[in-house]
Structure formats: C-alpha cells, structure tokens
Amino acid sequence: MTAQQAALSAIPTTGYIRRFRMPELLGVSMPTIDRWVKNGTLPRPVKLTDNVTAFDAVEINRWLAERRGDSRK
1456 MTAQQAALSA
1466 IPTTGYIRRF
1476 RMPELLGVSM
1486 PTIDRWVKNG
1496 TLPRPVKLTD
1506 NVTAFDAVEI
1516 NRWLAERRGD
1526 SRK
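Residue numbers (this note's numbering): 1456 to 1528.
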C-alpha cells in the first residue's frame, strides 16, 4: 500500500475533517485545496468557529467517489 493509498483509507466517513488535514489526506498542497474550493471543484468547508474550518466527511467521500467514477456513493 502506498502512502497516498494509506492516507485515502484513513479519511473519516462521518463527522468533519479539519482543513489542515486535507492536503495530507488528498496528497496535494494547501494552495491546491484552496484553489479547488474557490473554483468549485472541492465541496466548500464549514466554518465551525472563528478558528476552526472543516470539511464534511460525507461530502468529501462522495466527491472522491465521483472522481473515481465509483457507483458506491
């Protein structure tokens, strides 16, 4: 199992994923995460508090399934 496969298998299926964890989980940089959110490629995060921004894990998993062409959404 590659490091990226291990990261993808570690993505939670429920709850929230903190913004700072997304680059590691998806294998891209933070500027890429920000660009994908800005252009609508990636679902928008939720601002939980003034200092906490997170992504809905269900939306991220659905987004990944669509990118893979998975029918298991």
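In this text, a Cβ means the ideal position worked out from N, Cα and C, and glycines have one as well.
query                                                                               : result
Buried/exposed call for N1516, threshold 16 Cβ in 10 Å                              : buried
Within 8 Å, strictly: CB atoms of P1467 and A1512                                   : yes
Rounded C-alpha distance that separates R1522 from T1496                            : 10 Å
Element boundaries [alpha helix (DSSP H), containing R1474]                         : From DSSP, R1474 is part of no alpha helix (DSSP H); its letter is neither H nor E.
N-terminal and C-terminal residue of the alpha helix (DSSP H) that A1509 is part of : A1509 -> not in any alpha helix (DSSP H); beta strand (DSSP E) instead, spanning T1508 to D1511.
Cα-Cα separation between P1500 and G1524, rounded to whole angstroms                : 23 Å
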